């Protein structure tokens, strides 16, 4: 045998055995030939018996893979195919011929050999006459002639009218025997027609400006699309401006401004596919001597501590002043890039210090004394949140984040994300791509605060449907909607041969299909629905859609990650599921543009009644639309709805709904729902959803409404702040106008019901209303809370006395007081002062201490924060924080409080750090029983120590390091003060440095522990005594401490040491 690698030798040996020793079958006869004397043949001359063939055939070339030796010579077909390639011999040879390497036939040399066309040739030494051994043979096979294709024809035209497509060419198989030619008669190739027109979309909107008379101003507008828009039009107060007079394009420049040019400005951009309208910009033109910023501050009330007012008179408020966050004219005019160079805003110019006399102590405060035009703080909109699975709540780990189509990062292990909003953004379109492929691409439009505040969002990711295996050569139907006890809303019909690869080649194998349907009949699915159900109408304005279902299509070659395309695909919708008048005729099929987050129309629907249905005399009618499944994989069954309104909602710090305690940065969500059961014009489903962020004057949410039938559309409204759910005004036993915030009789027509109205055991996290459009001529309905679609500005600027719906924070047992007032929801209200709680307006650091309390009830815990080591602030108050302890559901008799304190660090002057002197003191008869060992050791290693050691309180000079949950200290730095605090509180509740919980875990990650007991009847608590008479209370504490010290002096040394440790 010739030498070969060991693996090849094994393979050849296996092939030899398969060819030489396998038993023969009747279908595969083996010929045995004995050597007979005869003439020798020339190399090209075959045996005469092998030339008489009825069918067209031919011989292959000669093969020799073995040499005689050992047991003999073996020329198996398997070994030949292995060495020479499987294509060298046809699948089923007709005959086999063997010759020696000297071109002699076996009969010529007198040797016994075996020949089998499907197995090969072998000659065994043991079967030869005495004294002979097998010669070295080579073999060839007789194969039938295959039918051959003719030449390819020319390429056909490119499919489609624009954009990517495919073209085909064909060939014929002119087989005289009628046999099929191997391969395909059709070949596809990708081709590209001129780029499809794409509707324009705005990438830069005009911005509001303030100018003095006779100054100049420039508004800028920029749109993108295919082709790039070249035509722009500008409108002033809704009236088209003359292009020849103003000579505008994407920029509108106005020179020598007059007062009558003030008002609203917007642009429109056109291309071949349509038009788009920009947002509205306001131009304010100041007359001679008219100030842009009134130096007299506006009223802004803050709540003072309870002991700073008259007993029994309720909470006391102090007017600390407020400068309106408005623009001032820029002396330099507009820059060439349309952004004001050195933009100025109306802000605080001067503060004054005052003192508030409370019960036996003086509370310092700084109030706004004068406003003026100062340099604007650059707004930094921030969005933070968490992406979790809708069904299980598991985090979407390490998902790629796309802003439009640009990758900007990944989610964390816990599914958290942070996005800084780019300047001039109107719609924040974000996509989360699951790396495991188990979840749909989560395309969402996240509301944000354009003034620069932070907003927190919980994003839901929907798990893909389990895959089904389809045969590409057959017709396949996939149902859309599989709710229990409900018929599918429709089906996706994929005809035979509809699948193809990305290069346009037809795909004929098995297909793994995952079609995930977002069914509006499942009310919980609204949270995971993609985008925000908006499209650009023929006027270029954003308009809402009413959905009947969305679906994601994922088609892959079975057993691989190769993504397939399909089309045309039919979408059949059961017309019986669409009950609203006019919606059957208006239903359209849409696809989602991931760049803009807007839905774009793919096709309409036509009625279809199947022949089988007519034979059974069924009246079930289907609507049929068509779509190509290519790059876009998210589709929508929607109807443009013209009956539109806005709903006014405000959020408050507590259920007193005090006007000056509104909360900004709350995410309010409105979901359009069905009406009361029994009204058949609207199916039991949600139709659309919208979210908005509350500002200083609340929020206006778009919704569908109806004037004639108040219950034609209803809505569920909820609100959250940093993961905390807010509660709306109650409605049991019947809603009261003064509490809900809506005047009668409009309130009755809206049918306001909180979610616990019928069942007190349900959560109180939302309310339902009829979306009754206000009727003209009804004064009670003219001032909210529902406004006509064209009255958005009236809704946005409505005074707090106008009707509106209300939410309140549940965590009302909190109190915050800053010596230097600051509205955390409005970063522009920050004022530079050494006593400012937040010393850096670009970076906010929130610090919390976890306090465990062993006692029979919940207790209020206060942190007193004063300057500790800085010479300018030492002993001066920064602020107070009160927080009520929360029960641990698993540990009766134990509560815990997450108390904020002012972080140590650089002050406003950035010259020297200050370690804040923090004093933690619970209300009630409490004593400190334990301090976190790591925290105690850290404070001992970082002097100075706190000046006093009161057993009823805990004092420290706050650490400069962020520490962590092992110390009972929770620190979070963020660009938004509210988000920093909410994240820190979530970690404090959880007792970890990276978790988040709204359920208190009192034993995890605590810093200090107090033991509290109920005071004797009639005796006020230590907390109350300190508030009412600090000097007397401190004297009592010293006297009690002296008694304890004398008692300890009488005990033994070791016992005194143990007791001392126990008290710590």
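Residue numbers (our numbering): 1 to 1064. Note that beta-carbon positions come from the ideal geometry of N, C-alpha and C, so glycine has one too. On a predicted model such as this, the values are computed, not experimentally measured, just so you know.
Determine the direct distance from the alpha carbon of residue j to that of residue i, and round the result to whole angstroms.
{"i": "residue 731", "j": "residue 647", "result": "18 Å"}
{"i": "residue 318", "j": "residue 346", "result": "22 Å"}
{"i": "residue 517", "j": "residue 687", "result": "15 Å"}
{"i": "residue 107", "j": "residue 146", "result": "32 Å"}
{"i": "residue 671", "j": "residue 715", "result": "5 Å"}
{"i": "residue 281", "j": "residue 264", "result": "6 Å"}
{"i": "residue 1065", "j": "residue 992", "result": "Residue coverage of the chain in this structure runs from 1 to 1064, which leaves residue 1065 outside it and unanswerable."}
{"i": "residue 211", "j": "residue 292", "result": "9 Å"}
{"i": "residue 38", "j": "residue 79", "result": "Annotation note: pLDDT 35 at residue 38 (below 50); position unreliable, coordinate value reported separately. For residue 38 and residue 79, the distance between alpha carbons rounds to 31 Å."}
{"i": "residue 301", "j": "residue 662", "result": "11 Å"}
{"i": "residue 487", "j": "residue 576", "result": "10 Å"}
{"i": "residue 142", "j": "residue 97", "result": "8 Å"}
{"i": "residue 980", "j": "residue 702", "result": "30 Å"}
{"i": "residue 124", "j": "residue 63", "result": "19 Å"}
{"i": "residue 808", "j": "residue 507", "result": "58 Å"}
{"i": "residue 886", "j": "residue 897", "result": "6 Å"}
{"i": "residue 515", "j": "residue 551", "result": "7 Å"}
{"i": "residue 858", "j": "residue 451", "result": "38 Å"}
{"i": "residue 237", "j": "residue 225", "result": "26 Å"}
{"i": "residue 433", "j": "residue 439", "result": "8 Å"}
{"i": "residue 543", "j": "residue 558", "result": "40 Å"}
{"i": "residue 923", "j": "residue 306", "result": "14 Å"}
{"i": "residue 883", "j": "residue 689", "result": "35 Å"}
{"i": "residue 504", "j": "residue 57", "result": "37 Å"}
Where does residue i land, buried or exposed, given buried means 16+ other C-beta within 10 angstroms?
{"i": "residue 483", "result": "exposed"}
{"i": "residue 205", "result": "buried"}
{"i": "residue 303", "result": "buried"}
{"i": "residue 1118", "result": "In this structure the chain extends from 1 to 1064, so residue 1118 is not present and cannot be described."}
{"i": "residue 875", "result": "exposed"}
{"i": "residue 578", "result": "buried"}
{"i": "residue 135", "result": "buried"}
{"i": "residue 965", "result": "buried"}
{"i": "residue 294", "result": "exposed"}
{"i": "residue 207", "result": "buried"}
{"i": "residue 1091", "result": "Not covered by the structure: residue 1091. The range shown for the chain is 1 to 1064."}
{"i": "residue 266", "result": "buried"}
Opposite residue i in the DSSP bridges: which residues?
{"i": "residue 457", "result": "385"}
{"i": "residue 646", "result": "702, 787"}
{"i": "residue 438", "result": "Partner(s): none; residue 438 has no beta bridge."}
{"i": "residue 284", "result": "210"}
{"i": "residue 120", "result": "76, 116"}
{"i": "residue 920", "result": "863, 954"}
{"i": "residue 266", "result": "235"}
{"i": "residue 483", "result": "Its beta-bridge partners do not exist; DSSP assigns none."}
{"i": "residue 599", "result": "592"}
{"i": "residue 1068", "result": "Residue 1068 lies beyond the range of the chain shown here (1 to 1064); nothing can be said about it."}
{"i": "residue 414", "result": "According to DSSP, which records beta bridges pairwise, residue 414 is partnered with nothing at all."}
Using a Cβ-based criterion (distance less than 6 Å to any ligand heavy atom), does residue i qualify as near the ligand GDP?
{"i": "residue 422", "result": "This structure lacks the ligand GDP; in fact it carries no ligand of any kind."}
Return the chain-ordered ranges of every beta strand (DSSP E) run that is complete within the stretch 686 to 752 and spans a minimum of 3 residues.
688 to 693, 699 to 704, 714 to 721
With a cut-off of 8 Å, do at least 3 Cβ pairs link the stretch 458 to 471 to the stretch 519 to 533?
yes
Quick one: any contact between the stretch 396 to 404 and the stretch 348 to 355, if contact means 3 or more CB pairs under 8 Å?
no
Check whether the stretch 594 to 610 touches the stretch 753 to 771, taking contact to mean three or more Cβ pairs, one atom from each stretch, closer than 8 Å.
no
Please confirm if the stretch 416 to 431 is in contact with the stretch 378 to 391, defined as three or more CB-CB distances below 8 Å between the two stretches.
yes
Continuous beta strand (DSSP E) assignments of at least 3 residues falling wholly in the stretch 835 to 909:
844 to 854, 860 to 866, 877 to 884, 894 to 901
What are the start and end residues of each continuous beta strand (DSSP E) run of 3 or more residues lying completely inside the stretch 336 to 382, in chain order?
344 to 358, 361 to 375
Cβ contact check for the stretch 796 to 808 and the stretch 696 to 712: 3 or more pairs under 8 Å:
yes
Count the CB pairs spanning the stretch 188 to 202 and the stretch 265 to 285 that are closer than 8 Å, and state whether there are at least three.
yes
Given 8 Å as the limit, is there contact between the stretch 896 to 910 and the stretch 863 to 872, that is, 3 or more CB pairs closer than that?
yes
Alpha helix (DSSP H) runs contained entirely in the stretch 754 to 829, provided each spans 4 or more residues:
792 to 796
So does the stretch 836 to 855 actually touch the stretch 1002 to 1010, counting three or more Cβ pairs closer than 8 Å?
yes
Evaluate the contact criterion for the stretch 647 to 660 versus the stretch 588 to 604: three or more CB pairs, one atom per stretch, below 8 Å.
no
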